[in-house]
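Trainee: Line by line, the protein sequences are chains A and B. Position in the first sequence counted from 1, then plus 873, gives you the numbering used here. Position in the second sequence counted from 1, then plus 777, gives you the numbering used here.
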Amino acid sequence: MSRHPRDRSIPNLAAAPGLNRRDFFARTGTAALAVSAAGFLLDACGGGGQSASLTSGTPYPLARPNAPVTWPVTRSDVIASGLAPEKNATLQLYNWEEYIYTKVVDAFAARYDCKVEITTFGTMDEALAKINTGQVSFDVFWPTVDVIGQLVTGKFLRPLNHSYLGNIDQVWPQFQNPFYDQGWRYTVPYTVYTTGIAYRKDHVKVNPDQLANGWSMLWNPAFKGNAMILDDYREGISLGLLKNGITDLNTTSAAQLSKAKNSLIELTSMDKVQVSNSYTAIPDDQVWVQQSWSGAVIPVTSEMPKGQSVDVVGYWFPPDGRGPVNNDTIAILSSGSNPVLAHLFLNYMLEYGNAMENFAWLGYQPPQRQITPASLVKDGLIPPNLASCTVLPSYFDVGYRELELSPSANLAWNNAWQAFTAGT
Amino acid sequence: MLAADAGLSRSKTSARGPRWLWPSLAMPGALWLAVLFLLPFYVALAVAGGTVNPLFFSPEPVWNPLSWRSVYLGQVWSDLFGAHAYLGQTVLRTLAYVVIASAICLLIAYPVAYFVARQSRHKGMYLVALVAPFWVSYMMRMLAWQNLLQNGGLVNHILTATRLITEPVSWLSGNPVTVVLGLVYGYVPYLIIVLYAGLDRIDQALLEAARDLGLGRIRTFLHVTLPLSRQVIYAGALITALPMAGDFYTNTMLSGVPTTTMIGNVISNSLSTPGQSGDGAVLVLFLLLALLAPMVWYVRSSSRAGTAGELL
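1. Along the chain, which unbroken stretches of the beta strand (DSSP E) at least 3 residues long are found entirely within the region 1087 to 1154 of chain A?
2. Less than 8 Å between the C-beta atoms of Tyr874/B and Leu949/B, yes or no?
3. Can you list, in chain order, the residues of the region 1041 to 1062 of chain B whose Cβ is nearer than 9 Å to any Cβ on chain A?
4. Of all the residues that make up the region 1051 to 1066 of chain A, which are near chain B by a beta-carbon distance shorter than 7 Å?
5. How many angstroms separate the CA atom of Gln866/B from the CA atom of Trp1074/B?
6. Please identify, using Cβ separations under 7 Å, the residues of the region 1024 to 1055 of chain A that lie next to chain B, in order along the chain.
7. Closest to Gly1098/A by C-alpha separation, out of Leu1278/A, Tyr1237/A and Gln1163/A, would be which residue?
8. Count the other CB atoms, across all protein chains shown, that sit within 10 Å of the CB of Phe913/A; report buried if there are 16 or more and exposed otherwise.
9. My understanding is that Trp1161/A touches His1216/A, with C-beta atoms under 8 Å, so please give their C-beta distance in whole angstroms.
10. Quick one: measure Cβ to Cβ for Phe1011/A and Ser1208/A, integer angstroms, because I've assumed they're closer than 8 Å.
11. Please identify, using Cβ separations under 7 Å, the residues of the region 1014 to 1031 of chain B that lie next to chain A, in order along the chain.
12. Is Pro1293/A close to chain B? Criterion is C-beta to C-beta, closer than 8 Å.
13. Does DSSP classify Lys984/A as helix, strand or coil?
14. Thr1141/A touches chain B at which residues, Cβ-Cβ below 9 Å?
15. Take the Cβ of Glu1108/A as the centre, count every other Cβ of all protein chains shown within 10 Å, and call the residue buried at 16 or more, exposed below.
16. So who's on the other strand from Ser1165/A, going by DSSP bridges?
17. Give the straight-line distance between the Cα atoms of Ala957/A and Ala980/A, rounded to the nearest whole angstrom.
18. Under three-state DSSP, which class holds Asp1193/A?
19. 8 Å is my cut-off, CB to CB: does Gln1008/A come that close to chain B?
20. Please report the residue range of the beta strand (DSSP E) in which Asn1199/A lies.
21. By Cβ distance below 6 Å, which residues in the same chain neighbour Leu1249/A in space, the five residues on each side in sequence not counted?
22. Below 8 Å on the Cβ atoms is my contact criterion, and I expect Leu1122/A with Tyr1237/A to pass it. Report the Cβ-Cβ distance as a whole number of Å.
23. Does any residue of chain B bring its CB to less than 8 Å from the CB of Asp1158/A?
24. Is the beta carbon of Gly1041/B less than 8 Å from the beta carbon of Leu968/B?
25. So if DSSP puts Ala987/B in a beta bridge, which residue, or which two residues, is it bridged to?
26. Counting only C-beta atoms, is Phe833/B closer than 8 Å to chain A at any point?
27. Tell me the rounded alpha-carbon separation between Thr992/A and Ile881/B.
28. Where does Asn968/A sit, in a helix, a strand or coil, going by DSSP?
29. With C-beta atoms as the reference, is Pro1051/A less than 8 Å away from Pro1240/A?
30. Is the CB-CB distance between Leu1064/B and Gly1023/B below 8 Å?
31. Buried or exposed: where does Ile1203/A fall if 16 or more other Cβ atoms within 10 Å of its Cβ makes it buried?
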């Protein structure tokens, strides 16, 4: 069920702007939590000499669109230009479950006369833990945007040599110099997606565009027992924030988080909302409204029961693009023994034809310049009723991104989520 | 006298084999206990009192008990009993589900086990039939139930077709009945087998004696069979209730709604959240302590029963 790249993201070590851990707990007035926070602080310190740099300073900055980050590069880690691909090699990919079309991978193996092995992980946490052991030899990895700082700081990523990556000009301009990795020193983009609401038109007669706040669509007692939200603390709490008209999806405000939590608790009592990342709930008619990723909705075309048209499925995302939007990346791990092939693989995945063939199977859209909503529908990649699943470049200008949080903010987000999921 | 005692002692020794024999027979069990219980228990303690990786926030156990910290303990304590506690309801809910599910398990399992134990023929066949559910993985069985219980599933079809209900029941949308029945379904085979093992050992002669002394079927059952099977009922109920209390999968598969969250789900969530594995470890230890109480009670009660049996 966890085949989508979004999972519980990892907290980073940077301090929340304007709100340190003590402030946060002082504001919530929770003495006991403050005890925990103090412990958390100690955890972050690691109990050793690192403490000064890890708590007072920031080992790496939090990447934000208005505060772009350029990660440091050690020249010796960059491979030379013009190298031939490794011979008799097995390129090791470390990817989410079912997050790449094996036919595309096989074609790469045939083109470069190598073998390719795919190892999968279920959560980003699990993947980072494995990489952190230093015992793995994967070449290519699919990190989410919010863990790049950790991977670079831990020296787990190999800086890219751009001479191998000519296809970068095929992607949207903002990903040729993204704020989370200025100069794309370590990553290339893989997919883009929005988080909206999938619904069954045969049951839901509400037009979310006509609601004052489309996100409140889920808060409707008519959907009792037939509503579902993502099992992801960032997405879940973000939905609660958006319901309250709060658009800072990286908020550190205890009051705002409390509002979001209370809205989710209200959703439980009103709708008996299910918390799951199920891909089949909508096609199986198990739920009528479901918070969903755009890339997860498109594959329902192949999941519909026999005899039932996909026309009954709709996907709502604010037409003006003012909603949660994000992207995933591909990077090269320094532990791999095939850096040249790894570069060639990244370039291969940026190639329009390969990216689109992968998209046809995967459902998550690559940020390719040639794509237009009309072309996707015309080429049969998206059914007309799900054209709203298309992600436009402009969404990244006006949409809201869930980005790395400071440890204190992350703890507060997690606590809010756990209080909701515990069924209080 | 002394010589006689010594002789008795020698003869006992030779009859029971060499002195090292009995402890060595316990070795596999002791090793099993050490590797699969004591070691994981110590790891849980080390995580509960440990730290986290400063970069990735993955747990970093502290092996020296003198360096253990009580931060996570304080956090969980406040979640359970503090001013903003939110776990109390989850704990009570878990307790209620486990008690109800255990009671239903017992009501189903006892007659079945009694029936099989009283059979003189085909016992093996019945036992194989009882073990049969284990041939299919638990996950597959739960997925099958998802299919059967969905809105347009077979269960709702049958119930509406027979006019027992007019509208399909939302079995999978946070229905506590489904979760409890899921627990019953998952654990009842274990209870049947334990009860069978106990009931099968009851001496038939005792039942015949009761009947000869004028007791009817029901009174024989109430005054002879039931008291003789009390210990095995306790044992069986514990064997099923303990894993039920930590179960999270049944609930995840059959509900997923926060109103049916059990403590196992909270533990699972904590352990999969970076930086919160210490909370999860403390909850595991709390659960263990809570489950230890009925276990100790059972051991004491069975040892008392054993002593009483010897006196008889």
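Virtual Cβ for every residue (Gly too), placed ideally from N, Cα, C.
Mentor: Short version:
1. 1100 to 1102
2. Contact: no.
3. Cβ contacts with chain A: Asn1042, Val1043, Asn1046, Ser1047, Ser1049, Thr1050, Pro1051, Gly1052, Gln1053, Gly1055 and Asp1056.
4. none
5. 25 Å
6. Thr1026 and Gly1027
7. Gln1163/A
8. Residue placement at Phe913/A is flagged as unreliable, the pLDDT there being 31, under the threshold of 50; a coordinate-derived value is accordingly withheld.
9. Incorrect: roughly 46 Å between the Cβ atoms, too far for contact.
10. 7 Å
11. none
12. Looking at the sequence shown, residue 1293/A is not Pro but Phe. Judged by the 8 Å Cβ criterion, Phe1293/A is in contact with chain B.
13. The sequence shown places Arg at residue 984/A, rather than the Lys named in the question. Correct three-state label for Arg984/A: helix.
14. Under the 9 Å cutoff, chain B gives Gly951, Val1034, Pro1035 and Thr1036.
15. buried
16. Gly1069/A
17. 19 Å
18. coil
19. no
20. Element bounds for Asn1199/A: Val1198 to Ile1205.
21. Same-chain partners within the cutoff: Ile1255 and Thr1263.
22. Actually they do not touch by this definition, with Cβ atoms about 20 Å apart.
23. yes
24. no
25. Its beta-bridge partners do not exist; DSSP assigns none.
26. yes
27. 44 Å
28. Three-state DSSP puts Asn968/A in a strand.
29. Cβ atoms of Pro1051/A and Pro1240/A: not closer than 8 Å.
30. yes
31. buried
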